[in-house]
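**Student:**
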Amino acid sequence: MASVTYENVSKIFNGEVVAVKDFNIEIKDKEFMVFVGPSGCGKTTTLRMLAGLDKITEGDIYIGDRRVNDVRPKDRDVAMVFQSYALYPHMTVYQNIAFGLELRDVPDDEIKERVQEAAEKLGIPELLDRKPRALSGGQRQRVALGRAIVRDPAVFLLDEPLSNLDAKLRVEARAMLQRLHQDLEATFMYVTHDQVEAMTMGQRIAVLNAGELQQVDEPQTLYDEPNNLFVAGFIGSPSMNFFDSELVEDGEDLYIDTGPFRIQVPDEKVEAWKEAVGKEVVMGIRPEDLHDPGYIPPDIVPDRVKAEVDIIELLGDERDLYLRAGDHEFLARVDPRSEIEAGETIEIVFAAANMHLFDAETEQAIR
Amino acid sequence: MNKEKLVKFLTSLPVHITLIVLSFLWTLPTLGLFINSLRPEDAAKTTGWWTVFQTPFDFTQLTLGNYISVLTEQGMGEAFINSLTISIPATTIPILAAAFAAYAFSWMEFPGRQIIFVSVVGLLVVPLQMALIPILRIYSATGLTGSFLGIWLAHTGFGLPLAIYLLRNFIGALPRELFESAFLDGASHLTAFFRIAMPLSVPAIASLITFQFLWVWNDLLVALVFLGGTPDVAPVTVKVSNLVNSVGEGWHLLTAAAFVSLALPLLVFLFLQRYFVKGLLAGSVKG
Chain A
15 MASVTYENVS
25 KIFNGEVVAV
35 KDFNIEIKDK
45 EFMVFVGPSG
55 CGKTTTLRML
65 AGLDKITEGD
75 IYIGDRRVND
85 VRPKDRDVAM
95 VFQSYALYPH
105 MTVYQNIAFG
115 LELRDVPDDE
125 IKERVQEAAE
135 KLGIPELLDR
145 KPRALSGGQR
155 QRVALGRAIV
165 RDPAVFLLDE
175 PLSNLDAKLR
185 VEARAMLQRL
195 HQDLEATFMY
205 VTHDQVEAMT
215 MGQRIAVLNA
225 GELQQVDEPQ
235 TLYDEPNNLF
245 VAGFIGSPSM
255 NFFDSELVED
265 GEDLYIDTGP
275 FRIQVPDEKV
285 EAWKEAVGKE
295 VVMGIRPEDL
305 HDPGYIPPDI
315 VPDRVKAEVD
325 IIELLGDERD
335 LYLRAGDHEF
345 LARVDPRSEI
355 EAGETIEIVF
365 AAANMHLFDA
375 ETEQAIR
Chain B
11 MNKEKLVKFL
21 TSLPVHITLI
31 VLSFLWTLPT
41 LGLFINSLRP
51 EDAAKTTGWW
61 TVFQTPFDFT
71 QLTLGNYISV
81 LTEQGMGEAF
91 INSLTISIPA
101 TTIPILAAAF
111 AAYAFSWMEF
121 PGRQIIFVSV
131 VGLLVVPLQM
141 ALIPILRIYS
151 ATGLTGSFLG
161 IWLAHTGFGL
171 PLAIYLLRNF
181 IGALPRELFE
191 SAFLDGASHL
201 TAFFRIAMPL
211 SVPAIASLIT
221 FQFLWVWNDL
231 LVALVFLGGT
241 PDVAPVTVKV
251 SNLVNSVGEG
261 WHLLTAAAFV
271 SLALPLLVFL
281 FLQRYFVKGL
291 LAGSVKG
C-alpha cells in the first residue's frame, strides 16, 4: 500500500524563493503519475521533497499512511532515478546495482540473484562487469533504472530520466518504462518537461507552473478540458491557437468576436457561456480542429473564416498551415491531401464545437 | 616521412630544442653531485666531476664506499629510519583528518559551516614560525618535546589548513547526485565518505600526499625545534646539516648523504604520479 499524499506542501528556498506553493495531490497506489511543466516550475523540487533530499518548508507528505517529513531518505522506501543517472563511476555495473542491497545487509547470494534478475529485466546482463564510462547513454540509463528496481521500493521517483537520450532511444525507453510499471506493480512518479512523454506514459498527469498545481487529470481529459490558459497552451503539440476576443450577443445567438472575424457559439455551449457576455475572453482552438475546406470531417459543425496562408510545412502524415487573419496569426493542421499553396487566401474551417473559452482576466476556463 | 609530418616536425623543433637545453641545464648540477658521490675522496677533492668522462668506461674510478660510509659510520641509516618514522604518520594523519573535514564542509549541514571553513582557510596566512614558541611551551609543559608524537602533531597542525582547503574544493566539486543517490541507497555519511568520496578523490589525495611527504621529509626547522638534534631521533635533514659541520670538507660524504635523503621522495613521486589521472569521474553523470 503505497499511495502518496501531499498536503498543503510548500518549499521556500533561503526564505525567499518560492519553489512550490501550497501543493495538494493524492497519488494512488500503483499509479503512474507524471508531473509536467516548464523548467523551474517546481516539479523536481516536489519530487525531491518526497525523496527526502529537500526539506519541506510547510505542509506534510505521506507515503501510505506514514507521515515522512522527518523520515530519513533511506528509510522512506523510495528509489530515485536521476536525470544525470548519477552512477558510481568507480564501481562496475554489478557493484552499482548491488550497492543499495549491500548497505541493507542483504545476504550475498540473494544480492547476486536479485542483481541478475534486475539486469535481465532491463536486458543488460552482459554489461555487469563494465564500468559506467564504458557504457553508452542508453545503457547507463538502464543501469540507473536497475539500481532503482533491484531494491523493490514502494515508490519510484524518476526525474527526467529520458532527457539525455536521443529521440529513437527515448521512444524505446518509454515503452520499457511502461512495461516495468506493469511488471513491478509499484507507484511511479515521473517528472518531465516534455508533454509528449507525459501524455504517452501518464495514467494521470499533474501540470505545474510557477510552483503551483494547475490541473491533475487523465491525459485525454487534460487535452479535452483544460482548466486554464496555461494547461491549454502547454498540453498538445503543436499548441493551441489563442484569439483575444469578446463574447457578444446578437439576438438569440452568441458570437465570439475576434476582431477580423466572428464565430457563432455552437448551441450546446450557449447556456454555459452566456454569463461571460460582454467580457474580455480568450478563445482557444487546437490546430487539429481547423480544416481544409476540401476535406471537412463529416461530424463537425463548420464555420468558415477567411485567412491568408503564410507558410506550409509538410510532415508526411499531415500538413501545417501558418495562417493570418487580420492581426491574428495561427496554425492549422490539415489533411495531408490538401492542395492549398502558400500565398493563397482560403476559407479555413473551424470545428466550432471544439472551441475553448477562457476568462481573459482570471485565465480560467469558462464552462 | 611525408610533407605534412615534416612541416609539423620542423615547426615544433625550436620548442623541443629549448626544452632539451633547459632540462639539461637544470639537471646538470644534480648530475655533478651524483657523480661526485660515487668518486673516492681524493678524486672528488682534487678534480672536477666531469673528469670521469675522460675515461667513461673505467668503472674502477667509481665506488660505493661513500654510501656505505654515510649509512653506517655517519649514522645516515638510523636517520633514514627516523625520517620514515616521522614522515609516514605526519603525512597520513593530516590527510585523513583533512579528508574527513573536507567531506563535512562539502556535504554535511551544520551551523557555522561556512564560518568555520573560512577561519580554517584563513589560518593559511599565519606563518609557521609564529607558532613555534607557543607550541614549544605547551610541549614542554606536557612533555611532548623530543617525542615522535609531538612532531606528528606539529606537522599535522601545520599541514591541515592547506590540505582541507584543497580537498574541500575537490570533494565539493563531485556531483551532488552521487551522494544523494548513495543516501537513498541507504548510505550514512561515513559510508558515503569511504565508498564514494574517498575513491573518487584519489588524484587529489595522491598529489597532497606527495606535497605533504616532501615537505615533512625535507623539513629541518620543525624537526630541530620539536625533536632536537639527538641521534636517536634526528631525521636525515638534521643529519645532513650536522655532516656539513663535522665533515665540511668531505664532499664525497655530503653528496652521498644528499642522495640518500632524496632517494625516497623521488620514489614517492614516481610511484604516485600515475594516480594524477584525469577523467576518474567519466561515466558518472551526463551522457
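Line by line, the protein sequences are chains A and B. One gets this note's numbering by counting positions in the first sequence from 1 and adding 14 to each. One gets this note's numbering by counting positions in the second sequence from 1 and adding 10 to each. For each residue, glycine too, the CB sits at the ideal point set by N, CA and C.
1. Pick helix, strand or coil for D264(A), following the three-state DSSP scheme.
2. Using a Cβ-Cβ cut-off of 7 Å (strictly less than) and excluding sequence neighbours within five positions of L5(B), which residues of its own chain qualify?
3. Mapping the DSSP letters down to three states, classify K126(A) as helix, strand or coil.
4. Quick one: Cα of L234(B) to Cα of G42(B), how far?
5. Straight-line CA distance for D68(B) to A244(B)?
6. With 8 Å as the limit, tell me which residues of the stretch 107 to 129 of chain A have their beta carbon closer than that to any beta carbon of chain B; keep them in chain order.
7. Going along chain A in order, which residues have a C-beta closer than 7 Å to the C-beta of F193(B)?
8. Are the beta-carbon atoms of W225(B) and V246(B) separated by less than 9 Å?
9. Consult DSSP for I148(B) and reduce its assignment to one of helix, strand or coil.
10. Which word fits M118(B), buried or exposed, when buried means at least 16 other C-beta atoms lie within 10 angstroms of its C-beta?
11. Report the residues of the stretch 54 to 71 of chain A with a CB closer than 9 Å to any CB of chain B, ordered along the chain.
12. Output needed for L170(B): all residues of its chain with C-beta closer than 7 Å, excluding positions within five of it in sequence on either side, in chain order.
13. Starting from P185(B), find everything on chain A with Cβ-Cβ shorter than 8 Å and list it in chain order.
14. Between G357(A) and V323(A), how many whole angstroms is the CB-CB distance? I'm expecting something under 8 Å.
15. Pop quiz: P252(A) and P311(A) are said to be a contact at Cβ under 8 Å. What is the actual Cβ separation, rounded to whole angstroms?
16. Spatial neighbours of A164(B) within its chain, please: C-beta separation below 7 Å, excluding the five flanking residues on both sides.
17. For P209(B), go through chain A and note every residue whose CB falls closer than 8 Å to its CB, in chain order.
18. Residues in the same chain with beta-carbon distance under 6 Å from P307(A), minus the five sequence neighbours each way, listed in chain order, please.
19. Curious, which full-length alpha helix (DSSP H) runs of at least 4 residues does the stretch 106 to 132 of chain B contain?
20. When DSSP builds the beta bridges, which residues end up paired with P316(A)?
21. Would you grab the beta carbon distance between A93(A) and R165(A) for me? Rounded to a whole angstrom, and I think it's under 8 Å.
22. What residues of chain A sit near G122(B), judged by a beta carbon separation below 9 Å?
23. When the Cα atoms are used, what is the spatial distance from R81(A) to A168(A)?
24. Using 8 Å as the threshold, is the stretch 96 to 108 of chain A in touch with the stretch 145 to 152 of chain A, meaning 3 or more CB pairs across them?
25. Over what stretch of residues does the alpha helix (DSSP H) that includes T19(A) continue unbroken?
26. Around the Cβ of L20(B), are there at least 16 other Cβ atoms within 10 angstroms (buried) or fewer (exposed)?
27. Identify each residue in the stretch 196 to 222 of chain B for which the Cβ-Cβ distance to at least one residue of chain A is less than 9 Å, and report them in chain order.
28. Note down, in chain order, each residue of its chain lying with its Cβ closer than 7 Å to the Cβ of M215(A), except the 5 sequence neighbours on either side.
29. Under 9 Å, do L329(A) and L345(A) count as touching if we go by C-beta distance?
30. What residues in its chain sit with their C-beta under 7 Å from that of L184(B), if we drop five residues either side in the sequence?
31. Can you tell me whether K35(A) is helix, strand or coil according to DSSP?
32. Look up Y285(B) in the DSSP assignment and say whether it is helix, strand or coil.
33. Alpha carbon to alpha carbon, how far is A286(A) from A246(A)? Give it in angstroms, no decimals.
34. Using alpha carbons as the reference points, say which of F193(B), G156(B), D229(B) lies closest to L117(A).
35. Applying the criterion that 16 or more other CB atoms from any shown protein chain within 10 Å of the CB defines a buried residue, is V25(B) buried or exposed?
36. Give the residues of chain A in contact with L188(B), contact being defined as C-beta atoms less than 7 Å apart.
**Tutor:** The structure says:
1. strand
2. This structure does not reach residue 5(B), given that chain B is present from 11 up to 297, and the question cannot be answered.
3. helix
4. 29 Å
5. 38 Å
6. F113, G114, L117, R118
7. P87, K88
8. no
9. helix
10. exposed
11. R62, A65, G66, L67
12. P104, A107, A108
13. S98, A100
14. 6 Å
15. Between P311(A) and P252(A) the Cβ distance is about 19 Å, and since that is not below 8 Å, they are no contact.
16. I145, V232, F236
17. H104
18. E361, V363
19. 123 to 132
20. A365(A)
21. 5 Å
22. Chain A residues near G122(B): none, gap ~17 Å exceeds 9 Å.
23. 15 Å
24. yes
25. It is not in any alpha helix (DSSP H) - T19(A) instead sits in the beta strand (DSSP E) that spans 18 to 27.
26. exposed
27. G196, A197, S198, T201, R205, I206, P209, L210, V212
28. F46, V48, R188, L191, Q192, Y204
29. no
30. A207, L210
31. strand
32. helix
33. 19 Å
34. F193(B)
35. exposed
36. A100, Y102
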